[in-house]
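Residue numbers (UniProt numbering): 1 to 451.
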Amino acid sequence: MTYINPLLPLNEYIPDGEPHVFDGRVYLYGSHDQAAGIKYCPLDYTVYSASVDHLDEWRCEGVIYHKSQDPRNADGSHELYAPDCVRGSDDRYYLYYVLEGIDAIGVAVCDTPAGHYEYYGEVKLPEHCHEKPIAFDPAILQDGERYYLAYGFSFNGTLPTMNLTPENTKGGYVVELAADMLTMKHEPRLVIPGYALGKGSSFEGHEFLEAASLRKFNNRYYFIYSSQAQHELCYAVSSYPDRDFTYQGILISNAGKLEDEALYKNNYANNHGSIVKINEKYAIFYHRHTYGRQYSRQACAEIIHMNDQGLFEPAQVTSQGLSEQPLSIHRLLPAAAACFVYDGLQGEFIPFGSDSMDKARIEGSSIVNITESNICFRYFEAIPDQITLNLLTDGSECGTVEVMINERLMAVLNIKGEPTISCSLKPEEVKAELWLNFHCPRPIQLESIIF
């Protein structure tokens, strides 16, 4: 196996990833999309895991929970949205989730991290509760003998399956759970302001939207979330799990747009993920969008670095993923390993709907509908002596492609209808970022690149 993004097989679509290390393995809990999807999360929860020493070898653990197992959803008509998992004080594993259109957090339980979970119950609000945030994207943190649940949703608009009001969409909340893992010990506490409450705070411009994730590193608490911009995962830090959080920055953007970058380098929509410590290093998990729509999201991951002040440096979106070394140049790489794909000057927001954007986009292992399109792979261990592109065309002349490495134009290739085109390069031992800038009057397809 070799490291690559996306993290899992190219025919697998697991977004909203919450990674956890249990007994020497990393388990990735997420919702479950499908290829060419027409709605969010139509499939049952499926978990993948990898040894902490072999993060290039992910094993499918199979389906761990069926949506119809929840008695509120016996007919399976409501989809399973983003979950999270924790090991309880009884050494059982508790899975927290929300069903589409049902405003309550469900819980399932299992004796093993990726076994067959059984329905356990519904998280209960305290009596006479004033704060009743909409149940969405639950995340669970074990802190010694205490357990904290984070959740919330702050969308400034209307959605057909959710009763959104200004009162239940204030932002991201945290609440401590009782020993039964179901009962809230107090009212949920607003800790991250949403769209209407961020002005004048450290969160202004990066207010909470969704994707709550609560983690603890080095005795500090990290609240990770997706901002109103959707494409970025941001974070805030506190000395407490349920108050006094201060915004600290963007962790990653699936549009490739960080604070100091002007352009969107991917067509983008929502993002959801978290950070986990693996063998004294940190990794951030997130998802990307494929098929030019919002419903075919794939898990990706990157190494992320914490500085001496306990703050994270923003992570780049790459093709190499969790590898600490750039990709080998002695290989065939599927086109779907591209970390950026966009047309024209920059990427665009992917609209809701079941139709694909009329743009270059990843589908399966390929990139399709390439016209005036820009495609990036990063990073490689060196500049190779040759590069070959495997294409699918209509057999006629189809424009040109510029081969750019580290912002230098290396070659311009004519696309004459052959299935492969190649060029020689001057080898150089330097970390390399490859851009292929296509100029094609008719759509073509990139299948793979060979060095």
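Backbone N, C-alpha and C define an ideal beta-carbon position, used for all residues, glycine too.
Inter-residue Cα distance where the pair is residue i and residue j
i, j, result
"Q294", "V123", "29 Å"
"A82", "S31", "5 Å"
"M184", "P71", "21 Å"
"N194", "V276", "Checking the displayed sequence, the identity of residue 194 turns out to be Gly instead of Asn. For G194 and V276, the distance between alpha carbons rounds to 25 Å."
"A229", "H206", "7 Å"
"V403", "F377", "11 Å"
"D44", "K257", "32 Å"
"H231", "T290", "14 Å"
"V317", "K281", "17 Å"
"L322", "H54", "10 Å"
"I405", "I367", "20 Å"
"L80", "N73", "10 Å"
"Q320", "L345", "25 Å"
"N414", "K265", "25 Å"
"H116", "R87", "15 Å"
"R288", "I362", "10 Å"
"Y3", "D56", "5 Å"
"L7", "Y65", "22 Å"
"L251", "D260", "13 Å"
"Q325", "Y173", "38 Å"
"G24", "N279", "9 Å"
"A36", "S396", "28 Å"
"A382", "F245", "42 Å"
"F188", "V341", "The sequence shown places Pro at residue 188, not Phe. Going from the Cα of P188 to the Cα of V341 covers about 41 Å."
"K416", "T388", "14 Å"
"C234", "A299", "18 Å"
"L159", "G76", "20 Å"
Environment of residue i [buried if 16+ CB atoms lie within 10 Å]
i, result
"S68", "exposed"
"A336", "buried"
"H128", "exposed"
"I350", "buried"
"V412", "exposed"
"I46", "Strictly speaking, residue 46 in this sequence is Thr, with Ile absent from that position. T46 should be labelled buried."
"H305", "exposed"
"K199", "exposed"
"residue 452", "It is not possible to answer for residue 452, since the shown part of the chain is limited to 1 through 451."
"R442", "exposed"
"H130", "exposed"
Same chain, Cβ closer than 6 Å to residue i, neighbours up to 5 away in sequence not counted
i, result
"L28", "G17, P19, Y48"
"L177", "Y147, L149"
"N163", "none"
"N208", "The residue you asked about is not Asn; residue 208 is Phe in the sequence shown. Cβ neighbours of F208 beyond the five flanking positions: S154, G171, G172, I192, G194, Y225."
Chain-order list of residues whose beta-carbon lies under 8 Å from that of residue i (same chain, five-residue window excluded)
i, result
"Q386", "S422, C423, S424, L425, F451"
"C85", "E18, H20, Y27, Y29, Y93, Y94, L95, Y96, P113, I140"
"R59", "Y48, S49, A50"
"G364", "L10, N11, A35, A336"
"G62", "T46, V47, A114"
Bridge-paired residues (DSSP) for residue i
i, result
"E428", "I383"
"R361", "V368"
"L332", "I450"
"E100", "Partner(s): none; E100 has no beta bridge."
"Q142", "Y147"
"P19", "L28"
"Q445", "L392"
Residue-level contact to chain B via CB, residue i, 8 Å cutoff
i, result
"T158", "Absence of chain B from the displayed structure is noted, only one protein chain being present."
Residues near residue i by beta carbon distance below 7 Å, same chain, minus five either side
i, result
"G121", "V107, L182"
"S448", "L332, L333, P334, A335, N390"
"H439", "E372, G399, T400"
"D111", "R92"
(message) Closer than 8 Å is the cut-off here; do at least three beta carbon pairs connect the region 237-249 with the region 207-223?
(response) Yes, the region 237-249 is in contact with the region 207-223.
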